[in-house]
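Protein chains in written order, with the numbering used here: chain A, 1 to 501; chain B, 502 to 984. Beta carbons are placed, not taken as given, at the ideal position from N, Cα and C, and that holds for glycine. Note that this is a predicted model, so its numbers are computed, not measured.
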Amino acid sequence: MPAHTIEGMASTASIQVSPDVLARYEAVIGLEVHVQLATRTKIFCACPTSFGAPPNTNVCPVCLGLPGALPVLNRAAVEMAVKAALALNCTIRQPYSQFARKNYFYPDLPKGYQISQYDKPLAENGWLEIFVDGRRKRIGITRVHLEDDAGKSLHEGFGDSDRYTYVDLNRCGTPLIEIVSEPDLRSPEEAYAYLNELKLLMQYVEVSSCDMEKGHLRCDANVSVRQRGVERFGTKTEVKNLNSFRFLKQALEYEIARQVAVLESGGTITQETRLYNPDTGETVGMRTKEHAHDYRYFPEPDLLPLKISQAWLDRIRASMPELPAQKRARFVRQYGLREYDAQVLTLSRALSDYFERAAAASRDPRAVANWVMGDLLGALKAEGKEITESPIRPEQLAELVDLIATGEISGKLGKEIFAKMFATGDSPRTIIEREGLRQISDADALSRIIDEILAANPKQVELYKGGKAGVLGFFVGQVMKATRGQANPQLVNQLLKEKLG
Amino acid sequence: MTATEIRELTIERVRQGLLSRRFSALELAQAALEFAQKENPKTNAYLHFCPERALEAARRVDAQLAAGEDPGPLAGVPVAVKDVILTRGVRTTCASRLLENYVPPYDATAVVRLEQAGGVILGKTNCDEFAMGSSNENSAFGPVRNPVAPDRVPGGSSGGSAAAVAQGTAVVALGSDTGGSIRQPASFCGVVGITPTYGRVSRYGLVAFASSLDHIGPFARNVRDAALLLQVIAGRDPMDSTSAFAPVPDYVAELSGDVRGVKVGLPREYFRDLTSETGEKIAQGVELLKRLGCEVREISLPHTEYAIACYYIICTAEASSNLARYDGVRYTRRSPHSETLSDMYRNSRGEGFGAECKRRIMLGTYVLSAGYYEAYYLKAQKVRTLIARDFTEAFREVDLIVTPVSPFPAFRLGEKIADPLAMYLSDIYTITGSLAGIPCMSVPCGRTREGLPVGMQILARHFDEAGMLRLAYAFEQAGGAEV
Ligand SMILES: [Zn+2]
């Protein structure tokens with residue numbers, strides 16, 4: 001592990017933290033993740049949530065915060081938030097949750113407050129399981145709450161950007177859920193795994209596309225360090241702007257090393273908000289004034305308390321798909337897969353659906369799993385394609401697997417046929433027929449070929465008879481060569497042994 | 502049409518006139534506009550008129566009449582609308598410099614309903630800035646004079662609407678009430694004013710002051726007209742999540758004049774220190790109710806003394822948040838001399854808001870601040886619950902509650918403006934009903950020896966506007982205004 005070099009704390013200082021020193025410390029991390037819900041319309045008005053419209057066109061009096069306008073809660077947003085909360089094993093707050101105003105001034109916040117939830121969030125007390133270094137770990141979920149998004153301030157890109165900031169309010173009122181974890185994460189790797197699993201879950205229950213480039217998934221982290229063995233938490237900092245998986249890991253690694261360096265040099269950690277700068281890889285403290293907010297939360301008087309009746313909750317629960325953890329367990333049980341394979345095959349709902357369709361059509365699900373994880377994912381990756389864009393349909397892959405399993409074609413031939421299937425999208429049988437690739441299982445035909453080969457190689461025959469059993473492989477190879485790989489290998493072995501007796 | 506004729510119009514007289522073809526809606530609108538514009542300098546009740554919109558509405562009514570269609574219950578009726586209620590394409594200023602040139606792109610639901618019923622909006626009425634005040638002296642565009650006594654205030658915050666109706670420059674008007682802003686000016690100007698149950702009339706398009714307390718309600722020169730206007734604007738609106746699903750009864754059909762056996766409660770907390778002429782008038786009004794067959798008894802609303810403190814915490818807290826959007830970024834006037842973003846906020850708001858708005862924003866910001874929230878806002882919410890419970894308890898014993906609207910009649914311009922606390926105390930009888938969210942109204946109850954109107958407040962159970970109006974109507978018909 002290389003030493004962490006930290007630059008820019010005091011602009012010129014460069015601090016080295018050795019791996020030994022780092023190893024004496026333990027990080028304590030909690031994540032706050034904002035997920036944009038995939039509703040068609042905004043959370044409190046009927047404006048579309050579509051991305052990329054000309055600035056300030058997807059707006060109305062409500063999301064513009066015009067005088068006299070009032071919010072009306074979007075039912076679809078509530079259902080999606082409940083789905084997300086249930087997927088995270090949370091308890092939906094009863095008898096009601098409540099919206100609250102979070103007051104602050106900013107040009108892209110037209111009401112002067114965000115409608116969020118405060119002391120009565122939608123859902124609480126859940127957990128999420130991550131899989132790191134071959135071990136499962138349960139990460140607590142403190143709360144899940146609903147809120148509206150702000151607009152966007154555009155500080156660059158205009159002729160007069162040196163003097164003006166432009167504001168686009170299209171995003172204003174887009175529904176978000178904020179998912180707050182307990183400080184249960186102990187390393188950047190665990191944080192990475194957590195965010196990954198969270199993204200997977202949200203995609204599984206179809207509440208968000210989690211497209212990080214479009215800001216559908218935004219992440220802030222609370223980070224502190226403590227000496228190993230110490231119970232008490234250290235002073236934490238809040239690191240913002242972790243809007244890609246790579247940034248998350250880099251920023252956490254930097255921030256942990258920075259805190260350790262500060263403590264090691266006898267300093268103390270200042271509780272503050274720090275902004276991650278992806279260009280430098282550093283976190284930089286924001287000026288105290290900017291984050292010393294008193295949001296003056298109070299219950300939103302324009303919205304009634306949000307009651308989720310048992311009947312509604314039951315309906316939502318019934319509409320939930322099988323979640324990745326359940327699916328993994330079932331894959332192990334039902335198809336006899338190894339845990340790791342089940343993990344890989346549930347990395348997305350599309351991938352697991354693909355596998356299941358192929359497995360259902362095949363007599364050998366484990367072989368299907370190997371083909372999907374190995375050849376298929378490899379070929380897709382080489383072409384930069386998603387599983388949903390696979391030229392090979394699951395049923396075709398199952399057919400290929402079964403042709404091998406029944407001995408109709410050899411594994412080697414299977415690989416060749418697979419490549420052709422991937423290139424053309426044709427079924428294996430079509431390719432076999434077209435190219436005359438059927439396996440030769442005709443003992444008489446093979447016998448003739450073998451006799452010719454034995455006659456042509458008297459030296460090798462002598463060697464074999466003299467006790468060199470390894471020479472058998474040479475003959476098998478020759479037969480395969482002569483048959484362009486179409487000979488049934490078991491039959492070739494059997495015939496060779498008989499003839500060499 | 503003579504000035505007297507216009508001044509004494511009622512919804513029924515307008516209807517008769519139109520049906521008998523004595524005048525068309527257009528002729529009436531033109532005459533009413535001309536009269537109102539001529540009379541307005543005496544009171545400053547209207548901030549601006551909207552003749553185009555008025556004449557268009559009147560032509561629509563005439564066309565419907567010509568086609569034999571029902572032009573609606575308010576056909577041709579000249580209406581004034583408080584300038585905190587949005588009118589599409591017509592300036593809505595909230596009597597604030599900040600919104601001096603603000604032209605909203607949509608109508609308030611109450612305005613839509615009013616025009617669908619055939620109402621003709623003549624213009625927008627003056628008020629205290631953002632409806633914050635009890636005298637109409639906090640308007641950025643000058644105070645309103647009470648038509649009854651021009652050296653006195655009309656009350657507030659809906660002073661312009663009350664004055665227009667009293668002056669006869671509108672037949673009916675829309676106002677808004679947060680802590681007494683309809684009832685108190687109605688009582689000061691000698692007209693009828695109704696604060697409906699919270700949720701009875703949609704707030705969509707009412708510029709928010711204190712969202713959990715804001716109401717839109719009618720002003721009229723008689724109970725029947727007020728009931729008719731309420732009928733038109735009441736009912737569920739999907740654009741306001743707090744608007745109620747409860748069905749709207751036929752209020753006018755309830756105006757039987759018979760109130761025999763109705764149990765009326767007089768809360769002792771409201772009468773204890775009432776030694777003024779107002780007290781005498783209310784006492785005479787109560788005697789009239791007895792003669793009408795009401796069973797009058799004393800009741801208690803024990804948490805009344807905490808109401809003012811409770812109200813000014815909740816309403817300022819909500820106001821501090823509701824007024825945050827007037828920041829100079831979008832539609833509000835932006836101060837031209839600002840170097841930084843915080844300068845722009847500070848200067849735009851500092852130059853734009855009047856003293857009372859600033860006072861309330863500061864108070865509200867304070868009571869919501871970390872460390873004070875529990876002691877002020879949360880405590881006030883608990884008190885609010887207790888005050889509401891007082892009424893629930895009282896309404897087990899009685900059907901309606903009667904009190905004065907204000908401890909005193911209209912005061913002189915400038916008399917209380919330097920003393921905000923004295924001004925706040927003038928709401929003492931009206932804010933309890935607002936906090937409880939129950940329907941309340943002011944009905945004229947005689948005049949003082951100086952000729953100043955006194956208003957009697959009637960409070961009712963949630964959604965019992967019908968019972969409240971029945972009593973008010975019987976009282977009015979029995980000569981309540983002249984007791
Ligand atoms: Zn909108």
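query: In the DSSP assignment, the beta strand (DSSP E) including serine 943 of chain B goes from what residue to what residue?; result: 941-948
query: Under 8 Å, Cβ to Cβ, is there at least one residue of chain A near aspartate 741 of chain B?; result: yes
query: Please classify glycine 762 of chain B as buried or exposed, where buried requires at least 16 neighbouring CB atoms within 10 angstroms.; result: exposed
query: Of the residues that make up the stretch 294-309 of chain A, which ones have a beta carbon closer than 7 Å to any beta carbon in chain B?; result: Asp294, Arg296, Phe298, Pro301, Asp302, Leu303 and Leu304
query: Tell me, to the nearest whole angstrom, how far the beta carbon of leucine 495 of chain A is from that of leucine 446 of chain A; I am working on the premise that it is less than 8 Å.; result: 6 Å
query: For isoleucine 814 of chain B, which residues from the same chain have a beta carbon less than 7 Å from its beta carbon, with the 5 sequence-adjacent residues on both sides left out?; result: Val868, Tyr877, Tyr878 and Ala881
query: Between the alpha carbons of alanine 469 of chain A and isoleucine 453 of chain A, how many angstroms are there, rounded?; result: 17 Å
query: Can a CB atom of chain B be found closer than 8 Å to the CB of histidine 291 of chain A?; result: Here the model assigns histidine 291 of chain A a pLDDT of 49, short of 50, so the residue's position is not dependable, and the following value carries that caveat. No, histidine 291 of chain A does not count as interfacial toward chain B.
query: Check the C-beta distance from proline 697 of chain B over to leucine 731 of chain B and give it rounded, since I have them as a contact under 8 Å.; result: 6 Å
query: Residue range of the alpha helix (DSSP H) that aspartate 808 of chain B falls in?; result: Residue identity differs from the one stated: residue 808 of chain B is alanine in this sequence, not aspartate. Unbroken alpha helix (DSSP H) run through alanine 808 of chain B: 808-823.
query: Quick one: is methionine 863 of chain B buried, meaning 16 or more other Cβ sit within 10 Å of its Cβ, or exposed?; result: exposed
query: Judging by CA-CA distance, which residue of B:Pro750, B:Ala727, B:Ser712 and B:Tyr771 is the nearest neighbour of threonine 743 of chain B?; result: B:Ser712
query: Cα-Cα, which of A:Asn277, A:Arg328 and A:Gly281 is closest to serine 348 of chain A?; result: A:Arg328
query: Tell me the start and end of each unbroken beta strand (DSSP E) in the stretch 874-958 of chain B that is at least 3 residues and wholly inside, in chain order.; result: 901-905 and 941-948
query: So with CB distances below 8 Å, who are the chain A contacts of tyrosine 878 of chain B?; result: Phe298
query: Between lysine 111 of chain A and ligand 1, is the CB less than 7 Å from at least one heavy atom?; result: no
query: Bridge partners for valine 765 of chain B per DSSP, in chain order?; result: B:Val797 and B:Leu901
query: Using a Cβ cut-off of 8 Å (strictly closer), state whether leucine 70 of chain A contacts chain B.; result: yes
query: Looking at chain A, is there any beta carbon in it that lies within less than 8 Å of the beta carbon of arginine 831 of chain B?; result: yes
query: Under 8 Å between C-beta atoms, does arginine 826 of chain B make it to chain A?; result: yes
query: Can you pull every residue whose C-beta falls closer than 6 Å to some heavy atom of ligand 2, listed in chain order?; result: Ligand 2 is not part of the structure shown, which contains ligand 1 as its ligands.
query: Can you confirm whether lysine 111 of chain A, when its beta carbon is compared against all beta carbons of chain E, has any partner nearer than 8 Å?; result: In summary, chain E is missing from the structure at hand, where the protein chains are A and B.
query: Reducing DSSP to helix, strand and coil, say where lysine 199 of chain A ends up.; result: helix
query: Pick out the complete beta strand (DSSP E) segments inside the stretch 140-213 of chain A, 3 residues or longer, and give them in chain order.; result: 152-154, 166-168 and 175-181
query: Could you tell me which residues DSSP pairs with lysine 782 of chain B in its beta bridges?; result: For lysine 782 of chain B, which the question treats as bridged, DSSP gives no partner whatsoever.
query: Going along the chain, which residues of its own chain have a beta-carbon closer than 8 Å to the beta-carbon of tyrosine 186 of chain A, five neighbours each way excluded?; result: The question names tyrosine, yet the displayed sequence has arginine at residue 186 of chain A. Closer than 8 Å at Cβ, skipping near neighbours: Glu26, Ala27, Val28 and Ile29.
query: Would you say phenylalanine 105 of chain A faces chain B, with C-beta separation under 8 Å as the test?; result: yes
query: Can you list, in chain order, the residues of its chain whose CB lies under 8 Å from that of isoleucine 139 of chain A, leaving out five sequence neighbours each side?; result: Trp127, Leu128, Glu129, Ile130, Ser181, Glu182, Asp184, Leu185, Glu190 and Tyr194
query: Decide yes or no for the touch test of the stretch 404-414 of chain A against the stretch 376-389 of chain A: beta carbon pairs closer than 8 Å, at least 3 of them.; result: no
query: Just grab the DSSP bridge partners of alanine 650 of chain B for me.; result: B:Asn647
query: Which bits of chain A does tyrosine 699 of chain B rub up against, with CB to CB less than 8 Å?; result: What tyrosine 699 of chain B touches in chain A: nothing, since even the nearest Cβ is about 10 Å away.
query: Please confirm whether glutamate 238 of chain A has its beta-carbon closer than 8 Å to some beta-carbon of chain B.; result: no
query: Please classify phenylalanine 158 of chain A as buried or exposed, where buried requires at least 16 neighbouring CB atoms within 10 angstroms.; result: exposed
query: How should proline 340 of chain A be labelled, buried or exposed, when 16 other C-beta atoms within 10 angstroms of its C-beta is the threshold for buried?; result: The sequence as given places tyrosine at residue 340 of chain A; proline does not occur at that position. Its Cβ having fewer than 16 others within 10 Å, tyrosine 340 of chain A is exposed.
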